[in-house]
Amino acid sequence: MPDISVKLGTKLTLTNPIMTASGTFGYGDEVSDLVDVNQFGAIVTKSLSLEPRVGNPAPRIAETPSGMLNSIGLANIGLEAFLADKKPFLAALSTKVVVNIAARTEDEFITVIERLDAEDWITAYEINVSCPNVKEGGIAFGTNPVVLKKLCEALRRTTKRFLIIKLSPNVTDIAKMAQIAEDSGADAISLINTVYGAAIDIYSRKPKINTVIGGLSGPAIKPIACANIIKVFSAVSVPIIGIGGICNGEDVIEFILAGATAVQLGTVNFMNPHAVGGIIRYIENYLQQQRLGAISDIIGCFER
Amino acid sequence: MRSLINGSVLDNRQIAEDIYRATIVTPDIAGAALPGQFINVYFPDSVKIFPRPFSIAGAEGSNIQLFYKVIGSQTELMSQWKPGDPVKILGPLGNSFEIPAPGTEIVLLAGGVGAAPLLFFRDRLYESGVKPKFFLGARTQNQLLLRADTKSELTIATDDGSCGSRGLVTAVFYEFLTGIDSPLTVCACGPDPMLKALKPMLENSNLAVYVSLEKTMACGLGLCQGCIVKNAGHNSSGDYSLVCRDGPVFNLRDIDFNA
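Just so you know, the protein sequences line up as chains Y and U, in that order.
Whatever position you read off the first sequence (first residue = 1), add 21 for our numbering.
Whatever position you read off the second sequence (first residue = 1), add 7 for our numbering.
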């Protein structure tokens, strides 16, 4: 059997490259009766903030061609409820747990990380500097190079844990943002968060989501994600976690060839909650067919 | 227990104008289903990517029943289902209507294809020895899911008067209410304007009103947090509830329709 485990640098090994994308898999416990959560190489939780957030008003989602628009607004249960209610399930998993963190300020990020550092069942943090749907924090951290550098350096000083910076495609030069994250001590870069998008109902003349402009995800953005992975792969040496419209095993191989070491499944969890099992089988079959010993042999190996 | 499985179509036929009834063989879901719950139907469609939620309109033996109105390409596709066709479904999802305590009369109130979950509830009430009053409205007689019923006391209203009373079903229902002073549980499903029209009923403390809501859903599982309804002021469980996870059945007192 070929080796589908992946090393994210020297600090983190996953049994396979398939992770969940934050905000598309809750805290894992919501669907544990339907999906064997331990099939994933890692679970990334819904964005967590210090205090609970109720999120944005309705309507929050709309179906668009081969995709979806969302403006959830980082609705989440907050740090204390997370540790009280979700820890028993997450800590018992055999797979690795990555906690995605969103905050309005640098201090809020630090407070959350300092508290989570005491929890030994958490493997890594993914820092959301790319949410397009909130007024404070979110994408404001990930679109200004000076702000991003200061934040990443502060977080690196705060924790020794594996630190992933999740980047937005809604910038002029994503490679520059990735370099800043790497230079500031990030262990990995994940990309892309959702792409700015909008849709209008032509009869009511109202926008289809509450914030007018929201985040587009799903297969519609897969080529955008692929292009961004290629750009970032040639700009940094830390591992890339590829995100954006993956639906099947072919898409995963494509992202790994583009330069991703691991990937995250997002919107596909809504379209097909059982996707992960088929994807892992596909990867194993692909490697055997291609006479490859390990998935890590083809990272970034597309023909130029 | 929820399952994501391939069922197969047993029967699928048009029963009213643009309205179809499908019977699907899916033993696990049929065995677990409760009135008010729904299923997701998945389509092999890479353009319209969301599964579509449908109330379960009946469950008997290994089969469930769906009623659906053809309003877009997915329901158009469903209308072409032939016996034996595979259907990928997830369910049963969400919460359910509850049979009220003895001494409380129960009334069902439905508009259009919103009758679907209430037909299932009527079945279960009838099996438990209750023959509920059932107020059913539609635009015309051609869009009625039922014309006559042995399991309920059926009252029909159509907008054009082609069957039953002329006008809104809520008007007929309010007429009935004026003669009632004992505890009453109302279970309702229909278009949003119909459900909003029930709000004044809450001033009568003898009434408990449960409504089944419909919202655009991406997952049906509480993952995407898209299908929110605003909680009424006194409800302390956060500002919003999820229709897929906390509903689709809500006590009308607990939600705020105007948001």
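Ideal placement from N, C-alpha and C gives every residue a C-beta, glycine not left out.
With 16 other Cβ atoms within 10 Å as the buried cut-off, status of residue i
{"i": "residue 296(Y)", "result": "buried"}
{"i": "residue 234(U)", "result": "buried"}
{"i": "residue 224(Y)", "result": "exposed"}
{"i": "residue 59(U)", "result": "buried"}
{"i": "residue 86(Y)", "result": "exposed"}
{"i": "residue 233(Y)", "result": "exposed"}
{"i": "residue 81(Y)", "result": "buried"}
{"i": "residue 142(Y)", "result": "exposed"}
{"i": "residue 314(Y)", "result": "exposed"}
{"i": "residue 310(Y)", "result": "exposed"}
{"i": "residue 135(Y)", "result": "exposed"}
{"i": "residue 288(Y)", "result": "buried"}
{"i": "residue 5(U)", "result": "Shown here, chain U extends from 8 to 266; a query on residue 5(U) therefore has no answer."}
{"i": "residue 323(Y)", "result": "exposed"}
{"i": "residue 255(Y)", "result": "exposed"}
{"i": "residue 252(U)", "result": "buried"}
{"i": "residue 188(U)", "result": "exposed"}
{"i": "residue 201(U)", "result": "buried"}
{"i": "residue 238(Y)", "result": "buried"}
Closer than 7 angstroms at the beta carbon, the chain Y residues around residue i
{"i": "residue 53(U)", "result": "87, 240"}
8 angstroms contact criterion, which residue i and residue j should meet: CB distance rounded
{"i": "residue 159(U)", "j": "residue 115(U)", "result": "7 angstroms"}
{"i": "residue 101(U)", "j": "residue 255(U)", "result": "5 angstroms"}
{"i": "residue 212(Y)", "j": "residue 253(Y)", "result": "6 angstroms"}
{"i": "residue 130(Y)", "j": "residue 172(Y)", "result": "7 angstroms"}
{"i": "residue 29(U)", "j": "residue 73(U)", "result": "5 angstroms"}
{"i": "residue 188(Y)", "j": "residue 221(Y)", "result": "About 28 angstroms; that fails the 8 angstroms criterion."}
{"i": "residue 149(Y)", "j": "residue 123(Y)", "result": "4 angstroms"}
{"i": "residue 208(Y)", "j": "residue 35(Y)", "result": "So it is not a contact: roughly 13 angstroms between Cβ atoms."}
{"i": "residue 50(U)", "j": "residue 62(U)", "result": "No, residue 50(U) and residue 62(U) are not in contact; Cβ-Cβ is about 18 angstroms, not under 8 angstroms."}
{"i": "residue 294(Y)", "j": "residue 249(U)", "result": "That belief does not hold up - the Cβ atoms of residue 294(Y) and residue 249(U) are roughly 16 angstroms apart, past 8 angstroms."}
{"i": "residue 132(U)", "j": "residue 106(U)", "result": "6 angstroms"}
{"i": "residue 25(U)", "j": "residue 77(U)", "result": "5 angstroms"}
{"i": "residue 5(U)", "j": "residue 34(U)", "result": "The structure shown has nothing for residue 5(U), since chain U only spans 8 to 266."}
Under 9 angstroms from the C-beta of residue i: neighbouring residues of chain Y
{"i": "residue 23(U)", "result": "By Cβ distance, chain Y contributes nothing, its closest Cβ being about 25 angstroms from residue 23(U), past 9 angstroms."}
{"i": "residue 72(U)", "result": "Those within 9 angstroms of residue 72(U) in chain Y number zero; the least Cβ separation is about 23 angstroms."}
Where the alpha helix (DSSP H) containing residue i begins and where it ends
{"i": "residue 225(Y)", "result": "Run containing residue 225(Y): none; DSSP gives neither H nor E here."}
{"i": "residue 95(U)", "result": "Segment 93-100 is the beta strand (DSSP E) holding residue 95(U); no alpha helix (DSSP H) there."}
{"i": "residue 173(Y)", "result": "166-179"}
{"i": "residue 197(Y)", "result": "195-204"}
{"i": "residue 72(U)", "result": "Per DSSP, residue 72(U) belongs to no alpha helix (DSSP H); it is in the beta strand (DSSP E), 70-76."}
{"i": "residue 134(U)", "result": "122-134"}
{"i": "residue 177(U)", "result": "176-185"}
{"i": "residue 132(Y)", "result": "127-137"}
{"i": "residue 279(Y)", "result": "270-279"}
{"i": "residue 104(Y)", "result": "Element bounds for residue 104(Y): n/a, residue is neither H nor E."}
Contacts that residue i makes with chain U (C-beta to C-beta distance below 8 angstroms)
{"i": "residue 55(Y)", "result": "9, 10, 11, 97, 228"}
{"i": "residue 93(Y)", "result": "231, 232, 233"}
{"i": "residue 96(Y)", "result": "232, 247"}
Listed by chain order, chain U residues near residue i by CB distance under 9 angstroms
{"i": "residue 15(Y)", "result": "There is simply no residue 15(Y) to check, as chain Y begins at 22 and stops at 325 in what is shown."}
Contact set between residue i and chain Y, taken where Cβ atoms lie within less than 8 angstroms
{"i": "residue 56(U)", "result": "84, 87, 88, 89, 239, 240, 288, 291, 292"}
{"i": "residue 223(U)", "result": "80, 82, 83, 84"}
Element boundaries [beta strand (DSSP E), containing residue i]
{"i": "residue 218(U)", "result": "214-219"}
{"i": "residue 247(Y)", "result": "That residue, residue 247(Y), is in no beta strand (DSSP E); its alpha helix (DSSP H) goes 243-254."}
{"i": "residue 302(Y)", "result": "Taken as a continuous stretch (DSSP letters only), residue 302(Y) belongs to no beta strand (DSSP E), being part of the alpha helix (DSSP H) at 296-310."}
{"i": "residue 108(Y)", "result": "First-last for residue 108(Y): 108-112, but that is the alpha helix (DSSP H), not the beta strand (DSSP E)."}
{"i": "residue 59(U)", "result": "59-62"}
{"i": "residue 168(U)", "result": "Counting along the chain, residue 168(U) falls outside any beta strand (DSSP E), and DSSP gives it neither H nor E."}
{"i": "residue 29(Y)", "result": "27-29"}
{"i": "residue 206(U)", "result": "That residue, residue 206(U), is in no beta strand (DSSP E); it is neither H nor E in DSSP."}
Beta-ladder partner(s) of residue i, from DSSP
{"i": "residue 89(Y)", "result": "84(Y), 238(Y)"}
{"i": "residue 268(U)", "result": "Limits of chain U in this structure are 8 at one end and 266 at the other, which puts residue 268(U) out of reach."}
{"i": "residue 18(U)", "result": "30(U)"}
{"i": "residue 149(Y)", "result": "187(Y)"}
{"i": "residue 285(Y)", "result": "40(Y), 264(Y)"}
{"i": "residue 141(U)", "result": "115(U), 161(U)"}
{"i": "residue 52(U)", "result": "Residue 52(U) pairs with nothing; no bridge assigned."}
{"i": "residue 89(U)", "result": "Looking at the DSSP assignment, residue 89(U) forms no beta bridge with any residue, so it has no partner."}
{"i": "residue 156(Y)", "result": "Residue 156(Y) pairs with nothing; no bridge assigned."}
{"i": "residue 74(Y)", "result": "97(Y)"}
{"i": "residue 82(U)", "result": "BP columns for residue 82(U) are empty, so no partner."}
{"i": "residue 63(Y)", "result": "40(Y), 117(Y)"}
{"i": "residue 191(U)", "result": "112(U), 214(U)"}
Cβ of residue i within 7 angstroms of any chain C Cβ
{"i": "residue 246(U)", "result": "The chain labelled as chain C is not found among the protein chains of the depicted structure, namely Y and U."}
Within chain U, the residues that residue i reaches when beta carbons sit closer than 7 angstroms
{"i": "residue 51(Y)", "result": "228, 229, 230"}
{"i": "residue 162(Y)", "result": "Near residue 162(Y) there are no residues of chain U at all, since even the closest Cβ is about 22 angstroms away, more than 7 angstroms."}
{"i": "residue 46(Y)", "result": "230"}
Contact test: residue i Cβ vs the ligand SAM heavy atom, cutoff 6 angstroms
{"i": "residue 198(U)", "result": "No copy of the ligand SAM occurs in the structure displayed, which carries no ligand at all."}
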